[in-house]
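Trainee: My structure is below; once you've seen it, I'll send some questions.
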Amino acid sequence: MGAGLIFNESAFVPSWSGVAVLLAYLGYLAIAGSFLPGKLVAGAALSDGTRINYRCNGLLSLFLLIILLGTGVSLKLMSPTVIADRGIELLSITLGFSLLVALILYVTGCKSRHQGSSLKPHVTGNFIHDWWFGVQLNPHILGVDLNWYDGWLLINLSIFSKSLQNGDANLSMVLYQLFCAIYTVDYFVYEEYMTSTWDIIAERLGFMLVFGDLVWVPFTFRLVALDNQVKTTKAAAIANCLVFLIGYRVFRGANMQKHVFKKNPATPIWGKPPKVIGGKLLASGYWGLSRHCNYLGDLLIALSFSLPCGATSVVPYFYPFYLLVLLVWRERRDEARCSQKYKETWAEYCRLVPWRILPYVY
Ligand code: NDP
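For the sequence shown, our numbering begins at 1043 and goes up steadily by one.
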């Protein structure tokens, strides 16, 4: 296997069976998301004071999907390598689907007469801009909240099955799969914390997010998985685990501290009463080290996904590099938003915590 395989293994031209695979997957997510039980969480207060209630049933939905697919595989109704075998075809179908959904979101968004923060249309009149960034904050299609999809774990599991089938699964592949599985399951265990993140509270849903969630993130991880054929030493494996664990601790710790702070600003941080600026901004714990320490944690995790691939190719490092660009850009946009929202309180926070992402460097 290797990067070459990514481009040769299957046709880019979609087939009806490929479309059926994608629709079955999205249909399952829509049904499971709407009907499976889960903790009801009130989202962050929007600018008009309203909140959206989210049903956090992602973990149950993920496990049920894995059980259903496992049953399908053991009954020989489907192949465990279907995604790995037809990766490029599924990529082209998902891309087409994203273009269509973004167009539907644009048209329905422009027609919306809602005035609440969640569904109020923000139309600039520039079609490309409105289609790309989206028109509404939290649109629904047929009652399904579209902000919550993730197919990355399934792609990985399929590639892992392919490796096992080919007899070329090695320690670096196992490490990569393990880190990714922990990261994905963790996302759903702490799904509630996502309700206070930028994507949910500030980013409108347009082609950028739909394409990012459905195509870009899952399929760029594929580049890492497919290039993962390097024999790693024990020392390198231990170092790699350390990068993942430190990254995970910073990422989860920072996101958790902010979420807990938003729920109850008096909750102790690292065993001490929190330092709070203007009653609104947390300036202790990870949020006292840099203004986006959570991004630093995420970047270390992304690096740990690629490190098992060694230094033989730059292709697996595409994901951490892309994430670096994305998070630096996002940090700038969030900074502008917070500076406008919190004014002098934000300026005081910046004076107290001068580092944006990496303390003493940036
Ligand atoms: P954050 O979770 O950092 O949310 C930013 C918001 O938090 C701000 O707009 C502000 O909102 C609030 N805030 C900022 N500083 C403070 C503070 N000191 N005290 C209290 N509130 C504060 O941003 P994201 O949603 O971008 O990131 C969430 C996680 O998702 C991160 O770990 C990130 O790495 C990850 N992520 C991963 C991506 C991937 O592709 N792997 C892509 C994007 C994000 P408010 O107005 O509510 O106060």
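In this text, a Cβ means the ideal position worked out from N, Cα and C, and glycines have one as well.
Do C1380 and ligand 1 come close, with the Cβ less than 7 Å from some heavy atom?
Mentor: Numbered from 1 along the sequence shown, position 338 holds the residue referred to as residue 1380. Because some heavy atom of ligand 1 lies under 7 Å away, the Cβ of C1380 counts as near it: yes.
Trainee: On the three-state DSSP scale, how would you describe V1302?
Mentor: Along the sequence shown, one-based indexing puts residue 1302 at 260. V1302 falls in the helix class under three-state DSSP.
Trainee: Relative to ligand 1, is the shortest distance from any of its heavy atoms to the C-beta of R1128 smaller than 7 Å?
Mentor: Translated into the one-based positions of the sequence shown, residue 1128 becomes position 86. Not so, every heavy atom of ligand 1 lies at least 7 Å from the Cβ.
Trainee: Let me know the secondary structure DSSP gives K1383 once reduced to three states.
Mentor: Position 341 of the sequence shown holds residue 1383. Note: K1383 maps to helix in three-state DSSP.
Trainee: Under the criterion of a Cβ to heavy atom distance below 7 Å, does R1097 qualify as lining ligand 1?
Mentor: As a first step, residue 1097 must be located in the sequence shown, where it is residue number 55. No, ligand 1 has no heavy atom inside 7 Å of this Cβ.
Trainee: Given this structure, state the Cα-to-Cα distance separating L1141 from F1249, to the nearest angstrom.
Mentor: Reading the sequence shown from its first residue, position 99 is the one you call residue 1141. Reading the sequence shown from its first residue, position 207 is the one you call residue 1249. Each residue's alpha carbon lies about 7 Å from the other.
Trainee: In three-state DSSP terms, what is L1161?
Mentor: In the sequence shown, counting from the first residue as 1, residue 1161 sits at position 119. Looking at L1161 - three-state DSSP - the assignment turns out to be coil, as it is neither helix nor strand.
Trainee: Would you decide whether L1215 is buried or exposed? Buried here means 16 or more other CB atoms lie within 10 Å of its CB.
Mentor: Along the sequence shown, read from residue 1 onward, the residue named residue 1215 stands at position 173. The sequence given here places Met at residue 1215; Leu does not occur at that position. So M1215 ends up on the buried side.
Trainee: Could you check if S1159 belongs to the surroundings of ligand 1, using beta carbon to heavy atom distance under 7 Å?
Mentor: Position 117 of the sequence shown, counted from the first residue, corresponds to residue 1159. With a cutoff of 7 Å, S1159 does not count as near ligand 1, since its C-beta is closer than that to no heavy atom of the ligand.
Trainee: In chain order, what residues of the same chain lie with their CB nearer than 6 Å to the CB of M1120, ignoring the 5 residues before and after it?
Mentor: Working through the sequence shown from its first residue, we reach residue 1120 at position 78. Only G1114 meet the Cβ criterion.
Trainee: Could you check whether F1261 and I1343 sit closer than 8 Å to each other, using their CB atoms as the reference points?
Mentor: Against the sequence shown, residue 1343 aligns to sequence position 301. Against the sequence shown, residue 1261 aligns to sequence position 219. In this structure, F1261 does not lie closer than 8 Å to I1343 by Cβ.
Trainee: Who does L1324 pair with in a DSSP beta bridge?
Mentor: As a first step, residue 1324 is located in the sequence shown; it is residue number 282 there, counting from the start. Its beta-bridge partners are V1318.
Trainee: Less than 8 Å between the C-beta atoms of I1311 and Y1391, yes or no?
Mentor: For this step, residue 1311 is matched to residue 269 along the sequence shown. For this step, residue 1391 is matched to residue 349 along the sequence shown. Not in contact: I1311 and Y1391 (Cβ atoms no closer than 8 Å).
Trainee: Output the boundary residues of the alpha helix (DSSP H) element that contains C1098.
Mentor: One-based indexing of the sequence shown puts residue 1098 at position 56. Not the alpha helix (DSSP H): C1098 falls in the beta strand (DSSP E), residues N1095 to C1098.
Trainee: DSSP puts V1063 in a beta bridge; with which residues?
Mentor: One-based indexing of the sequence shown puts residue 1063 at position 21. DSSP, once it has assigned bridges, lists no residue as partnering V1063.
Trainee: Per DSSP, which residues does V1216 bridge with? Please list them.
Mentor: For the purposes of this step, residue 1216 is identified with residue 174 of the sequence shown, where counting begins at 1. Answer is none; V1216 lacks a bridge partner.
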